[in-house]
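Heads up: the structure comes next, in structure tokens.
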Amino acid sequence: DDLGAVVIIAFFYTKEIVWGYLIICIFLVLGLVIANLLWIRWTLLYALLGLGIWVAVLGSGIHPTVAGFVVAMFIPARGKLDTDRFVTRVREVLEDFQCEEQSCGYSILLNQGHLNAVHSLELACHDVETPLQRMEHSLHPWIAFGLLPAFAFANAGLSLQGINLASILAQPLTIGITLGLLVGKPLGVSLFSFLAVKTNIAVLPTGVRWSHIIGAGMLGGIGFTMSLFVSNLSFVSPELLNYSKLGILLGSILAAVAGLVFLTCECSLQSRREQASAAQTN
């Protein structure tokens with residue numbers, strides 16, 4: 017969903033392109049491609065190339081959020097070790113780790129064999145993990161608990177001074193954004209999921225029902241950050257920006273409540289169905 021918003025930003029909110037920076041960006045992307053072909057799994061290399069691509073995209077006039085989309089496509093999603101080799105190696109290490117006595121206690125500090133086994137286990141865990149997972153894991157707390165809240169607080173300012181709230185709620189812009197989040201999101205998520213399953217592009221995960229997909233689509237209407245981002249790019253007028261922010265706030269709140277109520281009721285109904293089925297079986 018957010019990637020779709022980034023693509024829209026790239027195509028519709030780029031005013032002028034500086035080709036020199038764009039050429040530099042292309043060469044840096046080629047560097048990512050070559051690193052993938054050479055099976056390089058050094059996360060720092062991809063981080064440095066990604067930073068360079070971000071600077072080049074920013075200088076080119078294209079919105080720099082596109083850089084994250086491009087870089088993510090080329091960060092390896094496969095580790096050095098496959099799962100079978102990892103399991104074999106870990107079992108070998110654990111066999112070396114076993115003590116002759118029943119309990120090893122806290123003797124690892126004085127046991128070089130145990131220290132070597134721990135280091136081998138750490139290396140195996142590092143090799144089986146993909147650079148994409150390592151980067152996501154390291155960036156997630158900074159983004160989830162730092163950048164996103166800071167962005168939301170900085171851009172969510174809604175001034176209603178001197179404005180009739182009833183007139184704002186009647187504005188087509190406010191209504192359109194609210195309905196887009198409240199109705200459009202669940203419709204889009206459910207419809208495209210249905211088409212993907214029916215065309216054999218994807219399958220529903222075990223234990224997931226269509227009611228879960230609909231509920232997830234409702235929660236997808238909590239479109240606070242990217243919606244605010246696109247609104248700030250779209251509207252220059254403070255009045256229109258206020259209309260859009262109110263629509264985003266209202267739509268997100270209603271979507272959250274609707275998703276919570278829907279999924280809670282669905283869980284309750286499913287529990288009753290299981291109890292009734294168990295009673296019939298007995």
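Heads up, my numbering is the position in the sequence shown plus 16, with the first residue counted as 1.
Ideal Cβ positions, reconstructed from N, Cα and C, are used throughout, including at glycine.
- For Leu-198, there is no enclosing alpha helix (DSSP H), as DSSP gives it neither H nor E.
- For Leu-54, the three-state secondary structure derived from DSSP is coil.
- Contact annotation: the region 91-102 touches the region 140-150, with at least three C-beta pairs closer than 8 Å.
- Annotation note: the region 231-257 contains the following uninterrupted alpha helix (DSSP H) runs of length 4 or greater, listed N- to C-terminal: 240-250.
- Around the beta-carbon of Thr-190, 16 or more other beta-carbon atoms lie within 10 Å, marking it buried.
- In the displayed model, Asn-216 falls within coil according to three-state DSSP, outside both helix and strand.
- DSSP places Gly-95 in the coil class of the three-state scheme, outside both helix and strand.
- In the three-state DSSP reduction, Thr-222 falls in the coil class, being neither helix nor strand.
- Nearest C-alpha to Asp-17 among Ser-293, Gly-233, Pro-254: Gly-233.
- Its chain contains Pro-80, Ala-83 as the residues whose beta carbon lies nearer than 7 Å to that of Trp-70, once the 5 sequence neighbours on both sides are disregarded; these appear in chain order.
- Taken in chain order, the whole alpha helix (DSSP H) runs of length 4 or more contained in the region 124-192 are 128-144, 147-158, 164-171, 181-185.
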